[in-house]
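> This is the structure I have questions about; it appears just below.
Number of protein chains: 2
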Amino acid sequence: MRIFALAAIATAVLALVFAYAMTAWVNRVREGSDQMKDVAAYIREGAMTFLKREYRAMAAVLVALVLLTGFLVNWASAILYAGGVVLSALVGYCGMRTATKGNVRAANGALSSGLSKAFKVAFRSGSAVGLCVAGMGLLGLSAAFVAVNLATALQCVAAFGMGASTIALFGRIGGGIYTKSADVGADLVGKLEAGMPEDDFRNPAVIADHVGDNVGDVMGMGADLFESYVGTIIAAMVLAVASGSGVGFSHMAGVAFPLLLAAAGIVASMVGILFVRSREQGNPAQGLNLGIYIASVIMAVAACILSKVLLGGFRWAVAVGAGLLVGILISKITEYYTSSDYKHVQHIAEQAGTGVATAIISALGTGLLSTVWPLATIAIGGYAAFQFGDLYGIGLFGVGLLSTVAVTAAVAVYGPVADNASGIAEMSGLPEEVREVTEALDTVGNKTAAASQGFAMGAAAMTALTLFLAYVQVVGIKGLSLLNPMVVMAIFVGAMLPFLFAALTVGSVERAAKLMVEEVRRQFNLDEGILEGSSQPDYATCVDISAKGALKEMVAPGVMAIATPLVVGLVFGPEILGAMLMGVLPAGMLLAMMLTNTGSALKNAKKYIEKGHFGGKGSEAHKAAVVGDGVGDPLKDASGPALNIFIKCMAIVSLVFAPLFAAVGGLL
Amino acid sequence: MRIFALAAIATAVLALVFAYAMTAWVNRVREGSDQMKDVAAYIREGAMTFLKREYRAMAAVLVALVLLTGFLVNWASAILYAGGVVLSALVGYCGMRTATKGNVRAANGALSSGLSKAFKVAFRSGSAVGLCVAGMGLLGLSAAFVAVNLATALQCVAAFGMGASTIALFGRIGGGIYTKSADVGADLVGKLEAGMPEDDFRNPAVIADHVGDNVGDVMGMGADLFESYVGTIIAAMVLAVASGSGVGFSHMAGVAFPLLLAAAGIVASMVGILFVRSREQGNPAQGLNLGIYIASVIMAVAACILSKVLLGGFRWAVAVGAGLLVGILISKITEYYTSSDYKHVQHIAEQAGTGVATAIISALGTGLLSTVWPLATIAIGGYAAFQFGDLYGIGLFGVGLLSTVAVTAAVAVYGPVADNASGIAEMSGLPEEVREVTEALDTVGNKTAAASQGFAMGAAAMTALTLFLAYVQVVGIKGLSLLNPMVVMAIFVGAMLPFLFAALTVGSVERAAKLMVEEVRRQFNLDEGILEGSSQPDYATCVDISAKGALKEMVAPGVMAIATPLVVGLVFGPEILGAMLMGVLPAGMLLAMMLTNTGSALKNAKKYIEKGHFGGKGSEAHKAAVVGDGVGDPLKDASGPALNIFIKCMAIVSLVFAPLFAAVGGLL
C-alpha cells in the first residue's frame, strides 16, 4: 500500500509544482496602469481580509470539532480532521491569491496583446486553483496511508473529508451570502436607483461585488469541489473493504485503486490543461471544452489499464467510465436548460416581453424540469456501475466523476477571474476595444459557470450518495424497516431539512443585502460628489458590511448542518439517522438543482436580451429580465450551492461518527 | 359488520338530506336583478359545460382503468372503482351546481339585507358541498361492506379510492390549468394592459375567471378532499387487519371503527355547521373557525366513546385526537405564514417597496420555511399515534384528521362562492355599500383559502402516507434493503417525479394562458367598443379557450401519475415501487407546500398593501406586489394543489395493484 500512496504523493506534488509554475507565470504578467493596480489591490485586499476573518470566525467550531472527534471517535481521526481543515483552507487561500492576481493581469493582457493573452492569463489562474484542489486533496489522503497502516488509515480517513467539509460548508454559505449581499446592494441602489451601468467605479458596492465573485466562485466553488473530490475517494475506499471480500482482489488493491485513479486523473488533467488555448478570433469556450474532453479520454484509458493491472479485470473501469461520462452529461444537460443557445432560456427571454411574472414562472418551470435528466443519468449510471462493480462500483462511479477535477475546477475558476478582469477594465476606463475583449472572456465565463455549477451539483450528489452507502456499511444496517413508522417519519423529516436550510440561507442573504442597500444609499445621500464622480465612494465600508453580514449569517445554517446528524445519530440511533439521510439527500440535491438552474436560466435570459433579442437593452423585456435576474441571483449563487455542501456535510459527519452511533445504538 | 355499515349509511344519507336542505334553502333566496341573473347564468353555464366536457374527456381513461382493474385485479374491484368514479363525479356536479347558484344569491343577499344574510347564503352553499363530500364518501364505502362480506370488501375497497383519485387527479390538474389561464388572461391584458379594475365586465376573460374559481376551488378542492377522506378510511381499514391480530380486538371491530368515526364526524360537522353565523358587524372568520372547533371537540368525545365501546380502550382515541389536532395545527401554521395578520406576509409587503425581486425572494424564503412545522407536526403526531395504536394508530391519525371534512370543506368552498358573489356585485354595478359587504365576505374567503389549502395539503400527505403503509402491508415488504442500490436509486428517482410533475403543470398553465392572452388582445383590437363599454365582449370564446386548454394540457401529467406506479410495479417489482414512493411522497408534499404557500403569501402581501400599507394601491410597492401575485398564482392554484393528488394517486394505484405486483414480482 505504502508504495502506491507514495506514488500518489509524488503525483500530487507534481500537480502542486505545476500549479506553482502557473501562478509564477501569471505573476510575471504586468499589472498595467496605476489605476488598474489600485482597483485590483482593493479587490485583493478585500478578498484576503475576508478569508482571514472567516477562518478566524470558524476557529471555535473547528476546535470544538477536533475535540469532539478526538473524544468521541479517536485522536488519529482528530488529527486527520485538522489536516483536512488545514489543506482545504490552504486551497482557499492559494486560490483567492491566484485569482485576485490573475484578474488584473488578464485585463492588462487584453490591453497589451489581445484576447489570446488575456484568455491564457485567466485560464492559467484557474488551472493553478484546479491543480491545487486536486493536488492538496490527493496529498492529504495519501499521506494518511503512508503515516499509518491500512486498517488504521481506513478508520480515520473519513475525518479528513469532514475537515474539508467544514471549511466548504462555511466557505459556501459565507461566500454565497457575501457575494449576493454585495451584488444586490450594487444592483439595486447603484444600477436601478442611480441608473449607473454595471461595474461603475462610482458605485460604493462595486468593489465588494468583485470581492464577492472571488469569495463565492473561487473559494466557495474550490472548497466545494475539494470536498467532493476527497469525499468520493474516501467513500470508494470504505466500500472497497465492505464489498471487496468476494470480488477477487485484496482490500489493499481496492483501497489503492481510487488513489491511483486520482493520481491518473491529475496527469490527465494536466495534459488537458495544456491543450486549452484560444486563437485571437476563436471561441474560447471550445478551448475549455477540449481540455475537459482530452482529460476524460486519457482518464478512461488510464482507468482501463489500472483496473486490469491492479484488480485483474476491466469491469471496474466501466464504473469509472460511467462516472466520467455522467459528469460530462450533467454539465451538458445543465447547459441545455440554462444557456441562451437553447430553447428554454430563449423562451424565458420571450416571456419577459409579456412581463416579469411570466418570465419568472417560465424560469421556475425550467428549473423544475432541469432536475429530471441529471437525476436519471445518475440513476442509470449508478445502476450500470453496480452491475459491473457491486457497491464498490458505485464508489468508483463517484471517483470517476471527480477524477478530472483539476481541469473542471480550472474551467470553473476561469469564470470569476474573467468576470473580475472585465470589471477592472471597466472601472479603470480602459479603451472600448479592450473592454470588448474582456467582455468576450466574461461571456464565456458566464456560459461555463452554469455548466460548472451543474457539474458541482452532480459531484455533490454522488459524493453524498457514496458517503451514505459507506455509512450504511460502517454502521451495518441492512435496510430501512418500513414496519417501523419512525423510519418513515425520519425520511419525511429528512426531506424537509433542505427546505429549512434553503429558507435560512435565503433569509440570510436578504438581511445582509438590506444592510448593504442602506449603506450605499447612505453614501449617496452624504456626498453628492460620489454620483458626480468627483469624490471617491467609501468602498471599504461596503466590503466590511458584506463580510460582517456573511460571517454573522453563516453560523445558523452551518451549525445546523453539522449538529443535526450528530444529535439524531446519538439520540435515535444509526438506522433512524440513515433514514433521515435518505430523505435529506434526494430532496437536497433536487432543490439545489432547481434553485440554481432557475437562477442561471434567468441570468442568461437577461444576457440574451442584452445581445439585442426581443428589444435588447432598455426594452420592457430587458427590464423584466433584470428583475428576474434579481430573483435568480441569490438562488443560484447562495442557496443552491450551499445545499450541495449541506447534503455532503450531513453524510460525512454521519460517516465519521458512525462507530459511535453504532456503539450507543440510540439514547431513545 | 353489516349493522355498523348500515348505521354509517344512515348517517351518510342524513348528511345528504341535510345537504339537500341547505341547497333548497339557498335556491329559495332570490337571484336579484336581471343583470345579476345574466352574469350568474354565464358563470353557471361555463362551469357546468366544462364539467361535462371534462368528464367526457376522461371517459377513455376511466374505461381503460375499469378494464385494467377488472382483468389485472378482479371484477369486484372494477365495479368499486367505477363506484368511486361516479360518486366523486357526482360530488363535483352537485358542488358546482350549488356553488354557481349560491354566488349570485349571496350577492343579492348582500343587496337585500346585508352581511349576515350574504354570509349565510355563501356558507350554506359551502356546507352543502362539504356534506356532499362526506356523505357520498361514507355512503360508497359503507355500501361495499353491506354488499359483500368483510374479506371481499377489504380486498376491493381500495379500488373505490382509486376511482375518487382519478376524478380528483384530472379535476385538480384541469381545474388548476383552467382557473389560472383565465386568471392570467384577465389580469395581464385586462388589468395591466388595458388598465381595468378587477372584475370589470368589459374584460372578455372575466367570466372565464369566475368559472375558473368554481372549477378550481369548488370542484378541484372538493374532489381532493373527497379522495383524502375515502383514502384515509380505506388505509385505516387495511392497517386494522394488518396490525390487528395482536392488539386485542377483532378484524371486524378494527374495520368498523374508521367507518363509525367517519359517521360521528359527519354528525359533529353538522352541529359545527349549525353554529356558524355572523352578526351584522361581526367578523365572519371567527364564525367559520368556531364551526370547526365545535365539530372537533364533539368528534374527540365521540372518538373516546367509540374507541372504548368498540375496541375496548381509550388509546385508539388518542390517535384520532392527534389527527384532529394536527389538522387544525397545519391550518393555523399555514395561516401564520400566509396571512397578512402575521409578520412574514407583512415583511414581503415591505420588501415589495424595494422591488419585485426582493418581494419574490422573500416569499420564496417564506414558502420554503412554511414546510417545516407542518412536517414536524405530522411526524410528531404520527409518532404519538404509533405509540398508542401501532400501525393502525397511524391509520386512525389520518381518519381523525379528515373526520370533520364536512365542515372544513364547507369553509373551503365558502371562499370561491364569496369571491364569485363579489365579482357578480361588481359586474352588475351594485351600489358601493353592497360591494363593500361582498368584498368583506371575499376577504374572509381569501384568508380561509390559504388555511384550507394547508389543511388539504396536510390531509393529502397523511392520505398518501397511510396508503403507502397499507401498500407495504399488502405486498409484504418488511423494509427497503440499502444493500441494493436499485432501492436507493429508486428513492432518488421517486423524489424527482414531483419536480417533473410540477414542471409539466407550470408549462401547461403557461401555454393555456398564452392562448387566453392572445384571445383577449384579439377582442380588444377587433372591436373598440368593448373598451368603451358600448359593445359586449365575447365571453363564451374565452370560456371555451380555458376549457380546451385545460382538457388538452391535463392529459400528460394525469397519465404520468397513473402510469408510473403501474409500470414501475410491474417491471421492477413491489420493493422498488415502495422505494420509489418513499421518494415521491416527502418530495411531493414539501414541494406542494412550498409552491402553494409562496403563492398564498404573495397574494396576501398584495392584499395587505391594497389595504393602505406601504403606500397602498397604485404605489410602487403595490405594482411590485401585483407582479409577485402573478408569479404566485399558478404556483398556489395549479402546480401546488395538483401535487397533492399526484402523491395520493401514486399511492392508491400502488395499493390497488399491489397483489398483482406481489404475484409478478417484477419482470426485470
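From first to last, the protein sequence lines are chains A and B. No gaps in the numbering here: position 305 of the first sequence is 318 in the working numbering, and each next residue is one more. No gaps in the numbering here: position 651 of the second sequence is 664 in the working numbering, and each next residue is one more. Heads up, the beta-carbon is just placed ideally off N, CA and C, and yes, glycines get one too.
Kindly list the residues whose CB is nearer than 6 Å to the CB of Val251 (chain A), restricted to its own chain and excluding five residues on each side of it in sequence; keep chain order.
So the qualifying residues of the chain are Ala483.
> Counting pairs of Cβ atoms below 8 Å between the region 364–372 of chain A and the region 337–351 of chain A, do you hit three or more?
Counting Cβ pairs under 8 Å, fewer than three are found: no touch.
> Using a Cβ distance threshold of 8 Å, determine whether the region 521–531 of chain A contacts the region 564–579 of chain A, with at least three qualifying pairs required.
With the cut-off at 8 Å, the region 521–531 of chain A and the region 564–579 of chain A touch.
> Sorted by chain position, which residues of the same chain lie with C-beta nearer than 8 Å to Ser375 (chain A)'s C-beta, five sequence neighbours on each side aside?
Here the set comprises His360, Ile361, Gln364.
> Excluding the 5 residues flanking Ala123 (chain A) on each side, which residues of the same chain have their C-beta closer than 6 Å to its C-beta?
Excluding positions up to five away in sequence, the list reads Ala131, Val447, Val450, Thr451.
> Distance, Cα to Cα, Leu287 (chain B) vs Ala308 (chain B)?
Looking at the two C-alpha atoms, the distance is approximately 10 Å.
> With which residues is Ser494 (chain B) paired in a DSSP beta bridge?
For Ser494 (chain B), which the question treats as bridged, DSSP gives the partners A:Gly492.
> Can you tell me which of the three DSSP states Phe262 (chain A) falls into?
In this structure, Phe262 (chain A) counts as coil in the three-state DSSP scheme.
> Of the residues that make up the region 249–281 of chain A, which ones have a beta carbon closer than 7 Å to any beta carbon in chain B?
Residues: none.
> Please report the residue range of the alpha helix (DSSP H) in which Asn433 (chain B) lies.
Per DSSP, Asn433 (chain B) belongs to the alpha helix (DSSP H) from 418–440.
> Quick one, which residues of the region 601–618 of chain B are near chain A if we go by CB-CB under 7 Å, in chain order?
Correct list: Leu603, Met607.
> Using a C-beta cutoff of 9 Å, does Ile665 (chain A) count as contacting chain B?
With 9 Å as the cut-off, Ile665 (chain A) does not count as an interface residue toward chain B.
> Rounding to the nearest angstrom, what Cα-Cα distance links Ala166 (chain A) and Lys460 (chain A) in this structure?
When rounded, the distance between both Cα atoms is 41 Å.
> Indicate whether at least one CB of chain A lies closer than 9 Å to the CB of Ser632 (chain B).
Taking Cβ atoms only, chain A never reaches closer than 9 Å to Ser632 (chain B), which makes this a no.
> The alpha helix (DSSP H) with Thr367 (chain A) in it runs from where to where?
Run containing Thr367 (chain A): none; DSSP gives neither H nor E here.
> Using a Cβ-Cβ cutoff of less than 6 Å, which residues in the same chain neighbour Ser521 (chain B) once the five nearest sequence positions on both sides are dropped?
So the qualifying residues of the chain are Ile190, Glu566.
> Given 8 Å as the limit, is there contact between the region 76–93 of chain B and the region 392–403 of chain B, that is, 3 or more CB pairs closer than that?
Flag = no, the region 76–93 of chain B and the region 392–403 of chain B do not touch.
> Report the CB separation of Ala332 (chain A) from Gly402 (chain A) in whole angstroms; it is logged as a contact under 8 Å.
With a Cβ gap of about 4 Å, Ala332 (chain A) and Gly402 (chain A) count as contacting.
> Check the C-beta distance from Gly510 (chain B) over to Phe512 (chain A) and give it rounded, since I have them as a contact under 8 Å.
Here residue 510 (chain B) turns out to be Leu, not Gly, going by the sequence shown. 17 Å between Cβ atoms; not a contact.
> Straight-line CA distance for Ala398 (chain B) to Gly406 (chain B)?
Their backbone Cα atoms lie some 5 Å apart in a straight line.
> Using a 10 Å radius around the Cβ and a threshold of 16 neighbouring Cβ atoms, would you call Glu67 (chain A) buried or exposed?
Buried is the call here.
> Given this structure, state the Cα-to-Cα distance separating Thr6 (chain B) from Pro429 (chain B), to the nearest angstrom.
Because chain B is modelled from 14 through 681, residue 6 (chain B) falls outside the range shown and cannot be assessed.
> Report the three-state DSSP secondary structure of Tyr355 (chain A) (helix, strand or coil).
In this structure, Tyr355 (chain A) counts as coil in the three-state DSSP scheme.
> Run through chain B and tell me which residues come within less than 7 Å of Ala508 (chain A), C-beta to C-beta.
Residues of chain B passing the Cβ test: Pro599, Ala600, Leu603.
> For a contact meaning CB atoms closer than 7 Å, what does Leu388 (chain A) contact in chain B?
Result: Phe505, Val506, Met509.
> With a Cβ-Cβ cutoff of 9 Å, do Ala119 (chain B) and Ala135 (chain B) count as a contact?
Cβ atoms of Ala119 (chain B) and Ala135 (chain B): closer than 9 Å.
> Would you say Met595 (chain A) faces chain B, with C-beta separation under 9 Å as the test?
So, interface residue.
> Is it buried or exposed, Asn296 (chain B), if we count other Cβ atoms within 10 angstroms and call 16 or more buried?
Its Cβ having fewer than 16 others within 10 Å, Asn296 (chain B) is exposed.
> List the endpoints of the continuous alpha helix (DSSP H) containing Phe173 (chain A).
Run containing Phe173 (chain A): 163–198, per the alpha helix (DSSP H) assignment.
> Do you know offhand how far Gly643 (chain A)'s Cα is from Gly203 (chain A)'s?
Taking the straight line from one Cα to the other gives about 14 Å.
> So Glu240 (chain B) and Lys661 (chain B) are supposed to be a Cβ contact under 8 Å. How far apart are they, rounded?
Glu240 (chain B) to Lys661 (chain B), Cβ: 6 Å. Contact.
> List the residues of chain A that Ala392 (chain B) touches, going by C-beta distances under 7 Å, in chain order.
Within chain A, the residues near Ala392 (chain B) are Met502, Phe505, Val506.
> Check whether chain A comes within 9 Å of Ile374 (chain B), counting only Cβ atoms and requiring the distance to be less than that.
It does; some Cβ of chain A falls within 9 Å.
> Kindly provide the ranges of any alpha helix (DSSP H) runs that are 4 or more residues long and lie completely inside the region 83–167 of chain A, ordered along the chain.
Runs of the alpha helix (DSSP H) inside the region 83–167 of chain A: 88–125, 128–160.
> In whole angstroms, what is the alpha-carbon distance linking Met14 (chain B) and Ile247 (chain B)?
Cα to Cα, the separation comes out at about 15 Å.
> Beta-carbon of Ile407 (chain A) versus every beta-carbon of chain B: anything under 9 Å?
Yes, Ile407 (chain A) counts as interfacial toward chain B.
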